[in-house]
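Presented below is the structure to which this report refers.
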Amino acid sequence: MDPILIERQDGIVTATLNRPAKLNAIDTAMWRALVDLADEVQERHDDRVLVITGAGGGFCAGADLSVGAGPDDGSGPGGLGSALAGMRQVGRAALRLHLLSKPTIAAVNGVAAGAGCNLALGCDLIIASDRARFSEIFAKRGLSIDFGGSWVLPRLVGLHRAKELVFTADVIDAVEADRIGLVNRVVPHDELLEHTRSIARRIAALAPNQIAISKRLLQQSYSVTMAEALEFEGVAQAASFASADTVEAMRAFAERREPRFTGA
80 MDPILIERQD
90 GIVTATLNRP
100 AKLNAIDTAM
110 WRALVDLADE
120 VQERHDDRVL
130 VITGAGGGFC
140 AGADLSVGAG
150 PDDGSGPGGL
160 GSALAGMRQV
170 GRAALRLHLL
180 SKPTIAAVNG
190 VAAGAGCNLA
200 LGCDLIIASD
210 RARFSEIFAK
220 RGLSIDFGGS
230 WVLPRLVGLH
240 RAKELVFTAD
250 VIDAVEADRI
260 GLVNRVVPHD
270 ELLEHTRSIA
280 RRIAALAPNQ
290 IAISKRLLQQ
300 SYSVTMAEAL
310 EFEGVAQAAS
320 FASADTVEAM
330 RAFAERREPR
340 FTGA
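The following block contains the structure:
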């Protein structure tokens, strides 16, 4: 059984985590598949937006901690070194998702816990079903936070609220997640995928290179000064003016029609 099911339509890649009997807990094969997925979407010109969701009744219950399924726990012959190698595989998957220049949307259809929660938070947008639940459950499993959660969570909800979510390992519902700014919006469960794909289609119809540049500018905003940000914006915008897509946008505006962007 494929660990991730891939569907492509109109520039939108829908990736469905495919271990429904395990609430899509991530095993070794799925960690590798997540890395491969990000690399493939990055390289394919016609892939404009990546949507990640889960099969069955859950989004992702986190890493599969059953013996032999997930990263080495360090108790075997390899000890700590083996565990660290396994965690670096987790880190590669998180970083590939973060560095993907194309927009990503998590369609959270059920439980998103641990690494599964941070997989959703690692996407650019999060659309939650009204049945979704979120938990930084690590402490209840005797673990510390991973899959980039220590980096992304405080940026979404602030440092003190992030500490509360991690220290208590509480499960919060979609309404609370929306209230604290963890998700972009909550929609009825039966409308989740269509609503998410509607947003994805709107994004896919826009200038892909310029969106990629804007994504990078936003993601580096916490590590640069205002002066540096303005310089980066200026260089990027100057390059945009020379692109075929910007010329097309200006022409379409003058002709009072929708532009047709090609990524050129």
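Start counting the sequence shown at 80; every next residue gets the next number (our numbering).
We put the beta carbon where it would ideally sit given N, CA and C, even for glycine.
Residue i in three-state terms, based on DSSP
| i | result |
| --- | --- |
| Gly-313 | helix |
| Ile-259 | coil |
| Arg-335 | coil |
| Ala-194 | helix |
| Leu-102 | coil |
| Ala-140 | coil |
| Leu-84 | strand |
Cβ neighbour criterion (16 or more within 10 Å) applied to residue i
| i | result |
| --- | --- |
| Glu-310 | exposed |
| Asp-324 | buried |
| Ser-302 | exposed |
| Arg-276 | buried |
| Phe-213 | buried |
| Asp-269 | exposed |
| Glu-300 | Position check: residue 300 holds Ser in this sequence, whereas Glu was assumed. Answer is exposed; the Cβ neighbour count stays below 16. |
| Val-314 | exposed |
Pick from the options that is closest to residue i, judged by C-alpha positions
| i | options | result |
| --- | --- | --- |
| Gly-170 | Ser-180, Ala-194, Asp-252 | Ala-194 |
| Gly-228 | Ala-207, Thr-93, Pro-182, Leu-261 | Leu-261 |
| Leu-200 | Phe-226, Leu-178, Ser-180 | Phe-226 |
| Gln-88 | Ala-279, Ala-328, Leu-296, Ala-286 | Ala-279 |
| Ala-380 | Leu-296, Ala-286, Ala-306, Asp-269 | Since the first residue of the chain shown is 80 and the last is 343, residue 380 is not available in this structure. |
| Thr-341 | Val-114, Val-92, Arg-127, Met-109 | Arg-127 |
| Ala-162 | Arg-210, Leu-222, Leu-176, Thr-95 | Leu-222 |
| Glu-122 | Val-92, Gln-299, Leu-204 | Val-92 |
| Ala-211 | Cys-196, Ala-218, Gly-313 | Cys-196 |
| Ser-293 | Ala-318, Arg-240, Gly-135 | Ala-318 |
| Cys-139 | Asn-263, Leu-178, Leu-96 | Leu-96 |
C-beta neighbour in chain C for residue i, strict 7 Å
| i | result |
| --- | --- |
| Val-190 | Although the question refers to chain C, the structure presented lacks it and comprises just one protein chain. |
Q) Taking only runs of the beta strand (DSSP E) that begin and end inside the stretch 204-253, which ones reach a length of at least 3 residues, in chain order? A) Complete beta strand (DSSP E) runs here, min 3: 204-208, 212-214, 250-252.
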